[in-house]
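Chains as they are written, first to last, in our numbering: chain A, 1 to 382; chain B, 383 to 563.
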């Protein structure tokens with residue numbers, strides 16, 4: 001499927017290029033035909049097929065949950081396994097007919113049936129106690145389908161199941177779940193070596209960010225947010241300073257890896273800094289409003305967090321990284337709102353804090369404007 | 383960054399590999415359970431109420447045993463650790479624990495006794511036999527039997543101490559026992 005609006009933009013550009021004489025009329029037709037063949041626009045049909053597959057998966061899972069007694073239990077498993085083979089055969093049929101978009105729906109249904117069959121075996125033998133192990137097996141099956149069948153839907157399923165798996169483990173043990181890192185690395189490598197589908201890679205990066213942020217809530221008896229903040233700052237710093245080297249090392253074009261990495265680094269760093277200041281389980285800061293949740297002076301941590309956010313916003317504007325800028329804006333707003341609620345009660349002090357902070361940021365804006373004007377003037381001279 | 387996707391060179395072979403491996407994984411799960419159920423030694427454990435307020439959750443009944451409650455040893459941290467319980471047959475035909483649970487495989491196992499392997503977290507030990515799945519709406523019936531202390535569980539234990547729930551007994555008589563395959 002073509003990137004959103006790509007064909008429309010290309011058609012408009014081609015008209016312009018043909019008028020300017022860059023492209024011959026034959027060339028224009030050939031390009032349009034190539035694009036049409038490569039990105040068949042099937043409209044909403046594949047989307048509906050995938051949604052249908054999701055509904056079918058839930059239907060099968062509920063069938064398993066109902067524990068219907070009119071059919072022998074082993075026959076129920078047989079039906080599910082037969083359905084699994086039929087789903088993958090359908091996927092193969094669509095692939096053989098060069099219809100990968102519909103094969104996606106069939107593959108997703110196959111992955112769903114595999115999960116339902118795992119649940120059924122658990123029910124059949126009254127297996128208790130370890131739902132995480134079942135989810136891990138399911139995730140393995142989804143990753144297998146994603147890798148071998150180049151399936152985006154199975155990729156999304158595998159990443160989502162990895163999130164479910166680590167959440168179950170975290171809830172069960174309340175300790176860092178280190179095995180997740182191995183599974184995450186395998187999922188990332190699998191995608192990097194096969195599809196390199198951007199949304200899938202983003203989802204995988206989000207999964208790691210989620211795990212890192214959750215780490216702060218289980219390390220050191222729930223006060224490990226410093227580690228999270230340091231990891232996030234390290235990722236942010238490395239991707240900003242060593243961006244070109246990272247991208248070259250991984251064999252992609254400039255910024256393909258380092259730019260998103262910087263945005264995820266900022267997200268993780270801010271989540272850690274935010275929790276250090278405001279997520280209080282020990283009751284420290286309720287006694288003293290100017291003390292952060294981890295016992296450090298709140299003003300110091302808040303100033304540091306705001307400095308990181310402002311610097312990120314600045315770099316984002318300088319290097320044309322809108323994602324980084326917008327995340328910094330969002331983080332800035334959250335930080336300010338949290339500070340407001342924390343310091344509520346000492347209104348005069350709060351007012352003073354906001355007045356000083358606002359003055360500083362406005363001064364920064366003026367400075368940035370002045371620098372921008374100078375750079376533009378220099379650019380005009382040279 | 384996105385590569386040309388979806389076009390597979392040997393789609394039939396690939397989907398067959400995916401389906402076969404997933405089927406094999408399911409088959410292994412079934413085989414593993416049946417190995418314990420068919421070759422394991424059968425023990426009968428009395429079922430005790432777990433939570434008098436809400437025993438029934440969704441489509442399964444939680445089964446509690448005396449061996450679930452263990453002393454929190456010094457080694458039992460927040461993480462799950464292995465725990466081993468020695469079981470022997472009592473006069474009434476049901477089995478019960480001998481001595482204290484240990485974190486290592488017991489060195490001396492009395493004649494006629496066997497070892498059950500489980501996982502401990504805090505003072506709670508689990509052995510993988512704590513849930514019994516029931517058809518929709520059949521839960522309260524079993525709950526009542528557990529409340530009346532009439533229920534016991536037939537459990538098969540293999541040589542490595544792994545357990546599988548084979549069925550339930552009401553007043554010592556087999557009930558709720560279905561063929562394994």
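Just so it is clear, CB atoms sit at the ideal spot from N, CA and C, and this is done for glycine as well.
Residue contact with chain B for residue 117/A: present (Cβ-Cβ distance below 8 Å to some residue of chain B). DSSP places residue 63/A in the uninterrupted alpha helix (DSSP H) bounded by 45-66. Think of a sphere of 8 Å around the beta carbon of residue 413/B: no beta carbon from chain A falls inside it, the nearest being about 10 Å out. Residue 505/B sits in coil when the DSSP states are folded into three classes, being neither helix nor strand.
The beta carbon of residue 422/B sits no closer than 8 Å to any beta carbon of chain A. Of 36/A, 224/A, 366/A, 110/A, the smallest CA-CA separation from residue 55/A is found for 110/A. A distance of 8 Å or more separates the beta carbons of residue 412/B and residue 228/A.
Of 234/A, 184/A, 192/A, the smallest CA-CA separation from residue 210/A is found for 184/A. For residue 481/B, same chain residues with a beta-carbon under 7 Å away, outside a window of 5 residues either side, are 468 in chain order. Ranked by Cα distance from residue 445/B, the first of 427/B, 504/B, 477/B is 427/B. Non-local beta-carbon contacts of residue 327/A in its own chain, meaning distances under 7 Å to residues more than five positions away in sequence, involve 263, 266, 267 in chain order. Taking all protein chains in view, the Cβ of residue 104/A is crowded by 16 or more other Cβ atoms within 10 Å, so the residue is classified as buried. In this structure residue 321/A is buried. Its beta-carbon is surrounded by 16 or more other beta-carbon atoms within 10 angstroms.
When rounded, the separation of the alpha-carbon atoms in residue 154/A and residue 145/A is 6 Å. Looking at 78/A, 102/A, 158/A, the one whose alpha-carbon comes closest to that of residue 48/A is 102/A. Annotated three-state conformation of residue 339/A is helix, per DSSP. The beta carbon of residue 125/A falls within 8 Å of a beta carbon belonging to chain B, placing the residue at that interface. Distances from the alpha-carbon of residue 203/A to those of 220/A, 245/A, 157/A, 248/A put 157/A closest. Here the alpha carbons of residue 206/A and residue 342/A stand approximately 29 Å from one another. Using a CB distance cut-off of 8 Å, residue 178/A does not count as an interface residue toward chain B. Under the DSSP assignment, residue 482/B falls in the beta strand (DSSP E) whose first and last residues are 477-484. Neighbours of residue 405/B in chain A, taken as residues whose beta carbon is under 8 Å from its own, are 81, 84, 85 in chain order.
Of the candidates 306/A, 331/A, 324/A, 306/A places its Cα closest to the Cα of residue 364/A. For residue 404/B, the closest alpha carbon among the candidates 80/A, 10/A, 57/A is that of 80/A.
Here residue 151/A carries a coil assignment [DSSP, helix/strand/coil].
Collapsing the DSSP output to three states places residue 296/A in coil.
Contact with chain B is absent for residue 188/A, since none of that chain's Cβ atoms lies less than 8 Å from the residue's Cβ. The shortest C-alpha to C-alpha distance from residue 315/A to any of 302/A, 329/A, 303/A is the one to 329/A. Annotated three-state conformation of residue 424/B is strand, per DSSP. Residue 504/B and residue 221/A have their C-alpha atoms roughly 15 Å apart. Boundaries of the alpha helix (DSSP H) around residue 121/A: 100-124.
The alpha carbon of residue 85/A has as its nearest neighbour, out of 395/B, 453/B, 466/B, the alpha carbon of 395/B. C-alpha of residue 159/A to C-alpha of residue 547/B: approximately 33 Å in a straight line. Not a single C-beta of chain A is nearer than 8 Å to the C-beta of residue 507/B. Taking the Cα positions, residue 12/A is about 29 Å away from residue 196/A. Ranking 260/A, 338/A, 83/A by CA distance to the CA of residue 201/A puts 260/A first.
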